[in-house]
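Residue numbering for the sequence shown is 1 to 296, as defined by full-length UniProt numbering. Using N, Cα and C, we set each Cβ at its ideal position, and we do this for glycine too. A quick note: this is a predicted structure, and the numbers were derived from the prediction, not measured. One structure is given below, encoded as structure tokens.
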Amino acid sequence: MMSYEVLGPLAVNDHGEAFTPTAPKQRQLLAFLLLNANTVVSIESCIAELWEDNPPSSAASTLQTYVLQLRRLLASLPSVGSAPCAKDVLKTRSRGYLLRVGPSQLDVDEFNSFAGQGRAALARRDDGCAALFFRRALSVWHGEPLADVGLGPRLRAWVAGLEERRLGALEQRIEADLRLGTHHEVLAELTALVAAHPTHENFHAQLVLALYRCGRQAQALQVIARLRSVLNTELGLEPSSRMQQLHQAVLTCDARLDASVEWPESVLSLDLLAERRGELADLAPGFAQCLEGSSA
């Protein structure tokens, strides 16, 4: 069966064999068509992605050559088998192209399906099932999206959105683990995550909760203090109101922190980030758009 992988290095596989194009622009064009799978992509959009603001005078004819080369590649796949069939997979439309991709052929779709099932299980408080689905979703990833592909403006934005979705799924998997009472098991992972994402309030909130439940109140308070310092120094912000509520709860040994339910309410489902959406969007244009993609 033919499949495409973008959650890591770009790959085209069929019956266990790799058929990935090697030429950089072909790889970039294939990735761009996969981003817009089953949708007509205009010639102008392809040219803007491949060459940004500096297209050669021969851009349209060069693009057509890349499309022909991709069709030859597709024709060599056992699941496609011929040039006419390849034309049916990569179709020419009026002023554009359309790449047909089946429902189980693209790894992003597999990730989205598992993550969606995880969110549904989390909503109905089936935490064991949620953790399993989120682990399956995250196992689809093999590294940075399109790690070996040159990125134009649309692909750069898409990759940023995919990374936000991955972090969202990771947060929700940890939420399920915390609900299941496995706070000891997630401590090392959360410690690494806050080091890698020093302004990410959700991961900090989860680490605080895990530390507190492990009887390490002082260290939980130190995590909050470090977060406040980083937010002030790097972004000129104070911790969100939810983070401040969590701080107060740790200080007063609030009994709700010991419960197997999440607290504060919905700590993991991007609520902390949602409070900062406006502030962070002002500081980093495009950030809010990435967050919208991550919650889709």
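Under DSSP, Asp14 takes part in a beta bridge, and its partners are Met2, Glu17. For Gly143, no alpha helix (DSSP H) run applies, since DSSP gives it neither H nor E. Linking Tyr97 to Ile47 through their CA atoms gives a straight-line distance of about 12 Å. In this structure, the straight-line span from the alpha carbon of Ser61 to that of Ala196 is close to 44 Å. For the pair of segments examined, the segment 149 to 159 was found not to touch the segment 81 to 91: the number of CB pairs separated by less than 8 Å stays below three.
Residues Val41, Tyr97, Leu99 of the same chain have their beta carbon placed closer than 7 Å to that of Leu33, with the five preceding and five following residues left out of the count.
Segment contact: the segment 204 to 212 against the segment 232 to 248, three or more CB-CB distances shorter than 8 Å; contact assigned. Contact check for Val186 and Leu246: beta-carbon distance about 16 Å, past the 8 Å limit, so the pair fails to qualify.
A residue is called buried when at least 16 other Cβ atoms come within 10 angstroms of its Cβ; Arg72 does not meet this threshold and is exposed. By the neighbour-count criterion, in which a residue is buried when 16 or more other Cβ atoms sit within 10 angstroms of its Cβ, Pro21 is buried. DSSP, read as helix, strand or coil, puts Arg100 in coil. Between the beta-carbon of Ala176 and that of Leu138 there is about 12 Å, and that puts the pair past the 8 Å contact cut.
Going by beta carbons, Ala220 and Val250 fall inside the 9 Å limit. Annotation for Leu90: the continuous beta strand (DSSP E) segment containing it runs 90 to 93.
Across the structure, Cys129 and Leu122 are spaced so that their CA atoms are roughly 8 Å apart. Assignment of Leu106 by DSSP, reduced to helix, strand and coil, places it in the strand class. For the set Leu68, Pro84, Leu77, Arg165, the Cα lying nearest the Cα of Gly116 is the one of Arg165.
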